[in-house]
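Q:
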Amino acid sequence: MQNYKRLPLEGLKNARDLGGFGTPLGVTKFGVFIRSDVPSSLSAEDIEFLKRYNLKSVIDLRSQKECSAIPDALSQEDWLSYMNVPMYDEKAAKGVCTDDNEKFLWADHYIRLADTSKRWIFEVITALERARDCTLFHCATGKDRTGLVSMALLGLCGVSDEDIIADYSVSQIYLRPLYEKMLSEGKAKSLDDPFFCTAPENMSRLLQYINSEYGDIPSYLNSCGISNALMDSLKKRFISEKTIA
Numbered sequence: 000m001q002n003y004k005r006l007p008l009e010g011l012k013n014a015r016d017l018g019g020f021g022t023p024l025g026v027t028k029f030g031v032f033i034r035s036d037v038p039s040s041l042s043a044e045d046i047e048f049l050k051r052y053n054l055k056s057v058i059d060l061r062s063q064k065e066c067s068a069i070p071d072a073l074s075q076e077d078w079l080s081y082m083n084v085p086m087y088d089e090k091a092a093k094g095v096c097t098d099d100n101e102k103f104l105w106a107d108h109y110i111r112l113a114d115t116s117k118r119w120i121f122e123v124i125t126a127l128e129r130a131r132d133c134t135l136f137h138c139a140t141g142k143d144r145t146g147l148v149s150m151a152l153l154g155l156c157g158v159s160d161e162d163i164i165a166d167y168s169v170s171q172i173y174l175r176p177l178y179e180k181m182l183s184e185g186k187a188k189s190l191d192d193p194f195f196c197t198a199p200e201n202m203s204r205l206l207q208y209i210n211s212e213y214g215d216i217p218s219y220l221n222s223c224g225i226s227n228a229l230m231d232s233l234k235k236r237f238i239s240e241k242t243i244a
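Under numbering that gives the first Met the number 0, the letters of the sequence shown match residues 0 to 244, in that order.
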């Protein structure tokens, strides 16, 4: 199966393989971890593509209320395993989706979550390590909760801050057609709404905070209860050793 950075799926706008990032030990492998928006409207061709891509596990990061409102189309497929590891209860979700997004600062929100959601980080990273096979993890749009998990995965492997920031930032480009549709339907006020943004400074500030308060991402993950042994297991699975032709 050919490797893809952004998966060519009709029903997903923000599905990306986390392979291809340089690390001190080598390069992250394709076909191990996929980050995406919610797979709620997959075509038959999308399903067949994911089967050929050897997808075996799905981890849904959304709340139970979100899952009930917009079901994951993959949750009922018998050829893969599905797990829900929710971050937000209903009250917390409302705290994110306010009507006054002009005053909402994503960087501050991410920093707060880094300190208050350590148990969730532990549960998600542990679930990703135990999955063993090609795993897709997602929230709603695949940019915030999914972005935090991607930061953790890439950071524990030694991917540079610059590459982590770039990976986070591209979401608003891939999601723009969705936002334009919401705007045309009167479900959004402006494409400049901070709710739609994955501005580089959001992730940059979070990484600065983690590096200042904890030292680096592996040390932060230690503070979440994640052992070095578990991180080593993930790195062994996720990183191809350097080779020079």
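Glycine included, each C-beta is placed from N, C-alpha and C at the ideal position.
Since the model is a prediction, treat every value here as computed from it, not as a measurement.
Have a look at K12 and L152 and give me their C-alpha separation to the nearest angstrom.
A: Taking the straight line joining both Cα atoms gives about 21 Å.
Q: For D16, which three-state DSSP category applies?
A: Look at D16 here: in three-state DSSP terms it is strand.
Q: Nearest to L6 by CA position, among T22, T27, P193 and I46, is which residue?
A: The candidate whose alpha carbon is nearest that of L6 is I46.
Q: Use the C-beta contact count for E101: other C-beta atoms within 10 angstroms, 16 or more gives buried, fewer gives exposed.
A: In this prediction, E101 scores a pLDDT of 48, lower than 50, which makes its location untrustworthy; no coordinate-derived value is stated.
Q: Can a CB atom of chain D be found closer than 8 Å to the CB of D143?
A: Structure shown: chain D not included; a single protein chain is present.
Q: Using the Cβ count rule (16 or more neighbours within 10 Å means buried), how would you classify E44?
A: With fewer than 16 other Cβ atoms within 10 Å, it is exposed.
Q: For the putative contact between F32 and F237, defined by C-beta atoms under 8 Å, what is the C-beta separation to the nearest angstrom?
A: 7 Å
Q: I'd like to check one pair, S222 with Y249: are the Cβ atoms closer than 8 Å?
A: Past the edges of the chain, shown from 0 to 244, lies residue 249, and the structure says nothing about it.
Q: Using a 10 Å radius around the Cβ and a threshold of 16 neighbouring Cβ atoms, would you call D132 buried or exposed?
A: exposed
Q: To which residues of the same chain is P23 closer than 7 Å at the C-beta, ignoring the five residues directly before and after it?
A: G157
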